[in-house]
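Before any comments, here is the structure.
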């Protein structure tokens, strides 16, 4: 009689017969049954841990337990608390994205207002104005600095 068969049979008759009586029928102590049940549970749990680990690696540890649970529920019925516990025990926590903070404060050096709203120039290259624009491109920032002659 293998432990897997005993545990499966005991699960089938769980509500009908007490554990103590079923163990007497089989001729095994209750402690042996509970030890076998724990071993079978661990064997069932190992593929689940491997599946959770594979999902975390596929998604580069960006998903937390809620999203991993949603992915697992497409395949099997599972509780989010169990997924959370397994992920915590196995160290499969998602990476937290650090928010970028804008630096708010006074500029270090304030330029003088030289034009004084006089935008008329008498000859080329007498008065030049400039502006800078930030363009996101390919995950980086490009800087476009345009210069205009007021002539």
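Numbering (UniProt numbering), first residue to last: 1 to 151.
Where is the CB? At the ideal position from N, CA and C, for every residue including glycine.
Closest residue to residue i among the options (Cα-Cα distance)
i, options, result
"residue 82", "109, 14, 23 and 65", "65"
"residue 117", "127, 47 and 22", "127"
"residue 47", "34, 30 and 72", "72"
"residue 91", "56, 100, 36 and 114", "56"
"residue 122", "12, 151, 35 and 31", "151"
"residue 49", "17, 36, 69 and 24", "69"
Contacts around residue i, its chain only, beta-carbon distance under 7 Å, and the 5 residues preceding and following it disregarded
i, result
"residue 40", "3, 4 and 7"
"residue 125", "149"
"residue 59", "none"
"residue 36", "3, 6 and 7"
"residue 23", "29, 30 and 33"
Nonlocal neighbours in the same chain, by C-beta distance under 8 Å from residue i, ignoring five residues either side
i, result
"residue 93", "61, 64 and 87"
"residue 52", "68, 72, 83, 86, 87, 90 and 92"
Residue i vs residue j beta-carbon contact at 9 Å
i, j, result
"residue 26", "residue 1", "yes"
"residue 133", "residue 143", "yes"
The region 46 to 66 / the region 84 to 96 touching (three or more Cβ pairs under 8 Å): Put simply, the region 46 to 66 touches the region 84 to 96. At least three CB pairs are less than 8 Å apart.
Sequence ranges, alpha helix (DSSP H) only - wholly within the UniProt domain "HTH-like" (48 to 100), length at least 4: Every unbroken stretch of the alpha helix (DSSP H) spanning 4 or more residues and falling wholly within the UniProt domain "HTH-like" (48 to 100) is given here in chain order: 65 to 73 and 80 to 90.
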